[in-house]
Amino acid sequence: MNELQEPLWIGYAQAVAIHNRQLRRFGGAPGIRDEDMLHSALERPLDKWRSEQAPLDELAAAYAFGLAKNVGFVDGNERIAFLTMMAFLRKNSADFSPDPAEAAIIIGSLAAGEVSEQSLARWIRDHWDSK
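So the mapping is simple: this note's numbering equals the position in the sequence shown, first residue as 1, plus 30.
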């Protein structure tokens with residue numbers, strides 16, 4: 031039986047560190063708005079892995095969806111959604127380098143409820159560099 035290797039995850043401390051770095055770089059109000067919602071967002075991809083061993087694109091989309099929709103931070107939730115998604119993919123050796131303007135549009139649309147988690151996963155797959 032060929033068992034999939036569990037991905038390397040982005041934990042609470044790493045997500046907060048990413049958030050703090052992006053605030054220093056781009057500005058915004060610091061702080062956590064809802065600790066439980068932040069933890070819930072970070073658990074979303076782990077739950078998908080445990081229940082269905084979802085592929086990396088779906089797990090990355092789960093990070094972005096959870097962080098964008100749960101609004102765990104006071105400010106910068108769309109940025110942290112994108113940056114955490116990217117950090118997760120890089121941590122797991124995925125070669126994914128989307129156009130920044132296109133990425134901003136899709137993450138904004140995700141946060142606004144115009145793009146689903148499944149559509150984001152498909153977008154990730156469509157922009158995956160398979161070289």
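Cβ atoms here follow ideal geometry from the backbone N, Cα and C, with glycine treated the same way.
Helix, strand or coil at residue i according to DSSP, with G and I counted as helix
| i | result |
| --- | --- |
| Trp-39 | coil |
Boundaries of the alpha helix (DSSP H) in which residue i is found, first to last residue
| i | result |
| --- | --- |
| Asn-107 | 107-121 |
| Arg-152 | 147-156 |
| Ala-141 | 130-141 |
| Glu-65 | 65-82 |
| Ala-91 | 86-100 |
Reference residue i, options the options, closest by Cα
| i | options | result |
| --- | --- | --- |
| Glu-144 | Arg-74, Lys-99, Asp-64 and Trp-158 | Lys-99 |
| Asp-66 | Phe-56, Val-101 and Lys-78 | Val-101 |
| Gln-35 | Arg-80, Ala-92 and Gly-106 | Arg-80 |
| Ile-171 | Asp-77, Arg-74, Tyr-42 and Ala-91 | Outside the shown range of the chain (31 to 161) lies residue 171, about which nothing can therefore be said. |
| Glu-132 | Lys-121, Ile-154, Trp-39 and Phe-103 | Ile-154 |
| Met-116 | Leu-86, Phe-56 and Glu-82 | Leu-86 |
| Ala-47 | Glu-82, Pro-75 and Leu-113 | Leu-113 |
Residue j beta carbon less than 9 Å from that of residue i
| i | j | result |
| --- | --- | --- |
| Leu-72 | Gly-96 | yes |
| Ala-141 | Glu-108 | yes |
| Ala-111 | Glu-147 | no |
| Leu-53 | Pro-60 | yes |
| Leu-89 | Pro-130 | no |
| Ala-124 | Trp-158 | yes |
| Phe-56 | Gly-138 | no |
| Ala-45 | Ala-91 | no |
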